[in-house]
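In the UniProt record's numbering, the protein residues as written are 1 to 291. Backbone N, C-alpha and C fix where the C-beta goes; we use that ideal spot for every residue, glycine too. As structure tokens, the structure follows; a few thoughts come after it.
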Amino acid sequence: MDANELLKKVRKIEIKTKGLSQNIFAGEYHSAFKGRGMTFSEVREYQYGDDIRDIDWNVTARQNHPYVKVYEEERELTVMLLVDVSGSRYFGAMGEDKRQMIAEIAATIAFSAIQNNDKIGVIFFSDKIEKFIPPKKGRRHILFIIRELLDFSPEQQGTDIAEALRYMTDALKKRCTTFVISDFIDGHDFYKALSIANNKHDVTAIQVYDKRDAQLPDVGLMRVVDLETGNDRWVNTSSGKVRKTFNRWWYERQQKMVETFNRCRVQHASIATDEDFVKALMSLFKKRELR
């Protein structure tokens, strides 16, 4: 991708996702992802309905009138995006490819974070840690992240979510809010790593998939290629038995994934590339508010 084309794509995503985060997600994000506690803000005169436990007795005695301490939420969070950059992200048959949707979702979360004065960082992973971008604030930092989301070239093509979670758990000493964004097509078991990560941090999982990941079309003999291994084979998609076996594989894999999230108490959403990710994120944020 040349520099001009990349700049246009970055700008297009900025306009779309910044608008979403400002107009739709700002309140939901703030409510769903809480700060670390309450900190003292100021002292003001007592008003009807104030909690008497907040009365500042020293100031009250000096002023001969009741005053209360006012607290505000200690808002600043550290937000980490764990972004899958394996070969399967390039697949897109029913809508835009997964890479594009992953970039838009990540950018929306990033803009929502900086509007709430939170820091944002990224870990790109395949079956190894490809790149670590330390958490920072600011528009320039977000634009750098978007450029990397669109144009980053990994050294490997496989997927190892457990490795990414272990790295994040070791690298970040303070508790952070973490989004794992992936298609979760991974042959490794990531239950233990996810459980440990969510005990230390606040982990949310977002699956981005293509509906052709889940169901083969009936189009006769078709050559299929594994984008992560490069292996290919011919498949007779006209065979009902073949399509049924493929559907069962997808269903069982999804069931295992959801079971893992539930056992680890991790909130999650699954979004197809031809669907509106806005509704899915809104629903996810609202579920977090009700926890």
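Boundaries of the alpha helix (DSSP H) harbouring Tyr251: Gly240 to Arg263, taken from the DSSP string. Per DSSP, reduced to three states, the secondary structure at Arg175 is coil, with no helix or strand assignment. For Asp232, no alpha helix (DSSP H) segment is defined; the enclosing uninterrupted segment is the beta strand (DSSP E) at Asp232 to Asn236.
For Ile123, the enclosing beta strand (DSSP E) begins and ends at Lys119 to Phe125. The beta carbon of Val180 sits closer than 6 Å to those of Leu82 and Ala205, all from its chain and outside the five residues before and after it, given in chain order. Closest option to His141, judged by alpha-carbon separation, among Glu14, Val258 and Val224: Glu14. Between the alpha carbons of Gly87 and Gly158 lies a gap of roughly 7 Å. Judged by DSSP secondary structure, Val224 falls within the beta strand (DSSP E) whose first and last residues are Leu221 to Val225. With contacts defined as CB atoms closer than 8 Å, Thr169 and Ile196 qualify as a contacting pair. Two segments are said to touch when three or more pairs of C-beta atoms, one from each, lie closer than 8 Å; by this definition the region 185–192 does not touch the region 117–126.
In the three-state reduction of the DSSP assignment, Lys69 falls in the strand class.
Spanning the alpha carbons of Pro154 and Asp56 requires a straight line of approximately 57 Å.
For Tyr209, there is no enclosing alpha helix (DSSP H); the enclosing beta strand (DSSP E) has its first and last residue at Asp202 to Tyr209.
Within the DSSP secondary-structure output, Val10 pairs in no beta bridge. In this structure, the CA atom of Ala106 is about 17 Å from the CA atom of Asp274.
Taken atom to atom, the span from the alpha-carbon of Arg139 to that of Asp97 is near 26 Å. Between Tyr167 and Ile129, the CB-CB gap stays under 8 Å. Residue pairing from DSSP leaves Glu148 without any beta-bridge partner. Taking the Cα of Leu77 as reference, the smallest distance to any Cα among His65, Tyr48, Asn116 and Met101 is reached at Asn116. Counted as a single uninterrupted DSSP element, the alpha helix (DSSP H) harbouring Ser112 occupies residues Lys98 to Gln115.
By the CB criterion at 8 Å, Trp234 and Leu221 fall inside the cutoff. If you check the CB distance, Lys137 and Ile109 do not come in under 8 Å.
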